[in-house]
Each structure stands twice: as structure tokens, then as C-alpha cells.
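Undergrad: Would you mind keeping the following structure in view while I ask a few things?
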Amino acid sequence: MNSPKQRQNIHYFPGHMAKAFAALAPYLKSADLVVEIADARAPSASRNPMLLSLLGEKPHLLVLSKLDRADPKVTEAWLSYYQSHQTNAIASDLKHEKIIRNLLTGASSMITRKREKEQKIGMKPQPLRLLVLGIPNVGKSTFINNLAGRNAAKAANRPGVTRAEQWVKVSQDFVLLDTPGILPMNYPSEEQAILLACLGSIKEEVLPLDALADSLLALLRSRYPACLEERYGIADVTPLSDTMIYEKIAKRMGYLSAGGNPDFSKARRGLLKDFQDGLLGRLSLEGAPC
Ligand SMILES: Nc1nc2c(ncn2[C@@H]2O[C@H](COP(=O)(O)OP(=O)(O)OP(=O)(O)O)[C@@H](O)[C@H]2O)c(=O)[nH]1
Ligand SMILES: [Mg+2]
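Using the numbering used here, read the sequence shown as starting at 308 and increasing by one per residue.
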């Protein structure tokens, strides 16, 4: 896990992200509210401190996406944590839940303030300008499509889908700016990079897949052994070695070599894919701080 080669591999900041980061300042200036999207399954690792450092006094709403994929109790704990740390935050299933009401609640004080200001200077109400940002694949474009009620922004389950900024008018109340996902330039820890790769926010080629699956397995063993047991028909993972677990996964899922032996590489890939597709249940990889 800690070989110098692997450490080198996870520092990933392609040119288009540098460009997108440099382009943010003027958009930020004209925005009324910054909506930062992070993944509810790893709310800390999926935030980018580099983006937050730009915000200054700008009103900010944190939206934890993929609520339907995260452990509900853990998400609740994160929301209480934010509430007690003066962070405006909501959690949502951006794919299936109409988030307009949620957003209106989260942004209500900002809307009221803007309307009061406009009224004072005799100005017609203008739509609130929302700048949507975050790391890749967290659901920024999905958030915009959800509000717009149409596929106004391209969204897909891989990092780097949005490549350029795009304004989308959503209603009389909101105009939104979709932005390309931007990763931190440097990761504070290897653990964070591993979490981001599990969430699909870093391209798969960037990390050694086997090591990634092993890290995910370690996390799942400690946090959600029952999910592994249920999905792969294992009675008790506790006494088993990783190799034995992969062997059981391979047999259960039919990941076998031509000779009928368990294919460990396929079993590792299968585990990662099952997590990414939500087939292991609602799991959170990071608990809220106490
Ligand atoms: N289950 C679930 N899937 C979601 C949710 N939000 C987004 N997704 C999925 O996550 C994937 C990424 O969504 P995008 O909206 O393209 O993410 P993005 O942040 O715009 O990604 P980039 O443009 O690559 O930076 C897509 O497959 C979405 O359908 C959610 O709340 N729940
Ligand atoms: Mg996008």
C-alpha cells in the first residue's frame, strides 16, 4: 500500500482541472450562493479544501449527495455535526428526490436577504445565481438537472464528464452554473485518495486496482461485515483472511479462470464494482467526528 510508486500515482491534477480552478474567481464574484456538492458516503474526503479557500464570505450550502447510497445513521450524524459547526448542510438523493423544497429550505435565509436588498433599492427580483462546485463525480450536473427538471447538463457515472462551465436557468428563482469537478492538487493522505477512488471520483487507471480493492475490503470488514456476508453468502468474515474472502466472492459470483479456479483479480474488481453500483447496501466509508 505504501510503496513510493503507488504514492506517486495518486497525485493526480490534470491540466483541465487547473484551468477550471483558475476560471472560478470571476464566476464566484457574481454568485449569490455557492452550492458545494460532496458524497454522503465520505463527506470529508470528498470535499476540496482548495475550493473552500476561495469562498471568503460568500454564502455557502453543502449538499451531501447519494443519500440513497449512504448509511442513514451516519449521514444523520454528519448533518448534526455540521449544524453544530455553523455549516449550512443538507443531504439528498439527487437522482430520485425532488430537491427544490430541500434547497429552498437550505437557502431560505439567503433568498430572503436578497429580496429585501432588491426591495430596498427598488430593483425587480432577480434569480439567485448559484455556483455549483465540488470534486468529480459527486453529482453536480445531476443536482442541476434535478432542479431544472430536464437533462440540461450532461451527467454520467465517471469522473470528468463536465469539461466546461455552463449556466442553466432553472426558474424565476434560480440560475445555476455547472462546473467541472476539481480535485485537490495534493492529497493530505493516501487514505483520502483511496476513498475518492472507491467513490469513482478519481479515474480508475490512476490507482492500482488490486490495492484499492484490498483497502475497500479492509474498510468493509471493519465497518460493515454483514453486508459482505449477505452479498457473498459468507457465514462470518471475522476469522477469514482476505484471500479466503476473495475466494468465496469468486466462487459465489462465478469469477473463475478457464481452469475453474477462483480469479482473484476479477473478485477484486467485482467487489469494487458492487460497492460503486450500490449492491452492497447503504454504506458510509467515513464516520462523523464526535
Ligand atoms: N444513487 C445516486 N446517484 C447519484 C446521485 N447524484 C448523482 N448520482 C450519479 O452519480 C454519477 C455522477 O453524477 P454527475 O452529475 O455526472 O457528477 P458531476 O459531479 O457532475 O461529475 P463531473 O462532471 O465528472 O465532475 C451519475 O451516474 C449520477 O447519476 C444520488 O444522489 N444518488
Ligand atoms: Mg458534471
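All residues carry an ideal CB built from backbone N, CA and C; glycine is no exception.
Relative to the C-alpha of K431, which residue among M551, K336, D480 and A565 is closest?
TA: Nearest option by C-alpha distance: D480.
Undergrad: Just verifying my parser: in three-state terms, what is the DSSP assignment at K447?
TA: Here K447 sits in helix by DSSP.
Undergrad: Is it buried or exposed for K447, if we count other Cβ within 10 angstroms and need 16 for buried?
TA: Buried is the call here.
Undergrad: With DSSP as the reference, identify every bridge partner of K476, one or two as the case may be.
TA: According to DSSP, which records beta bridges pairwise, K476 is partnered with V482.
Undergrad: Please name the residue, chosen from L578, L563, D485 and S416, that lies closest to A518 on a Cα-to-Cα basis.
TA: Out of L578, L563, D485 and S416, L578 has the C-alpha closest to the C-alpha of A518.
Undergrad: What do you get for G488, buried or exposed, if any count of 16 or more other CB atoms within 10 angstroms of its CB means buried?
TA: So G488 ends up on the buried side.
Undergrad: How far does the beta strand (DSSP E) with E425 in it reach, from first residue to last?
TA: Element bounds for E425: not the beta strand (DSSP E) but the alpha helix (DSSP H), S415 to K427.
Undergrad: Count the other C-beta atoms from every protein chain shown that fall within 10 angstroms of the C-beta of C534, then say buried if there are 16 or more, exposed otherwise.
TA: Classification for C534: buried.
Undergrad: So, for S522: in the same chain, excluding its five sequence neighbours on each side, which residues have a beta-carbon less than 6 Å away from its beta-carbon?
TA: Taken in chain order, the residues that qualify are I501.
Undergrad: Based on Cα-Cα distance, which residue from E343, A504, S360 and L526 lies nearest to R465?
TA: R465 has its Cα closest to that of A504, out of E343, A504, S360 and L526.
Undergrad: Nearest CA to the CA of L587: which residue from K510, K424 and Y531?
TA: Out of K510, K424 and Y531, Y531 has the C-alpha closest to the C-alpha of L587.
Undergrad: Applying the criterion that 16 or more other CB atoms from any shown protein chain within 10 Å of the CB defines a buried residue, is M492 buried or exposed?
TA: Burial call: exposed.
Undergrad: Tell me whether D375 counts as near ligand 1, meaning its Cβ is closer than 6 Å to at least one heavy atom of that ligand.
TA: Within the cutoff, so yes.
Undergrad: Check whether the Cβ of P515 lies closer than 6 Å to any heavy atom of ligand 1, and answer yes or no.
TA: No, since every heavy atom of ligand 1 falls outside the 6 Å radius drawn around the Cβ of P515.
Undergrad: Beta-carbon within less than 7 Å of N395's beta-carbon, same chain only, minus the 5 sequence neighbours each way: which residues are those?
TA: Closer than 7 Å at Cβ, skipping near neighbours: H367, L368, L369 and G413.
Undergrad: Mind checking whether the beta-carbon of K580 lies closer than 6 Å to any heavy atom of ligand 2?
TA: Checking the Cβ of K580 against ligand 2 gives no.
Undergrad: CB of V468 to nearest heavy atom of ligand 2: below 6 Å?
TA: Checking the Cβ of V468 against ligand 2 gives yes.
Undergrad: Indicate whether V445 and S372 have their beta-carbon atoms separated by less than 7 Å.
TA: Yes.
Undergrad: Using a Cβ-Cβ cutoff of less than 7 Å, which residues in the same chain neighbour V381 once the five nearest sequence positions on both sides are dropped?
TA: Cβ neighbours of V381 beyond the five flanking positions: S591, G594 and A595.
Undergrad: Under a three-way DSSP split, which group does D521 fall into?
TA: In the structure shown, D521 sits in a helix (DSSP, three-state: H, G or I).
Undergrad: Return the chain-ordered list of same chain residues with a C-beta closer than 7 Å to the C-beta of P303, the five sequence neighbours on each side being excluded.
TA: Since the first residue of the chain shown is 308 and the last is 597, residue 303 is not available in this structure.
Undergrad: Pairing CB atoms from the region 565-577 with CB atoms from the region 352-359, are three or more of them under 8 Å?
TA: In short, these stretches do not touch, since the Cβ pair count stays below three.
Undergrad: So what's P311 in DSSP terms, helix, strand or just coil?
TA: Low per-residue confidence applies at P311: pLDDT is 40, beneath 50, and the placement is therefore not dependable, though the value from the model is reported in the following sentence. Here P311 sits in helix by DSSP.
Undergrad: Which class does S591 belong to by DSSP, given the choice of helix, strand or coil?
TA: Correct three-state label for S591: coil.
Undergrad: Confirm the yes/no value for this check: CB of P379, any heavy atom of ligand 1, distance under 6 Å.
TA: Checking the Cβ of P379 against ligand 1 gives no.
Undergrad: Assuming the contact rule is C-beta atoms closer than 8 Å, A463 and V477 should be a hit. Round their C-beta distance to whole Å, please.
TA: At roughly 21 Å, the Cβ-Cβ gap does not stay under 8 Å, so A463 and V477 are not in contact.
Undergrad: Measuring only from the beta carbon, is S448 closer than 6 Å to any heavy atom that is part of ligand 2?
TA: Correct: S448 has its Cβ closer than 6 Å to ligand 2.
Undergrad: Which residues bound the beta strand (DSSP E) around A504?
TA: It is not in any beta strand (DSSP E) - A504 instead sits in the alpha helix (DSSP H) that spans E497 to C505.
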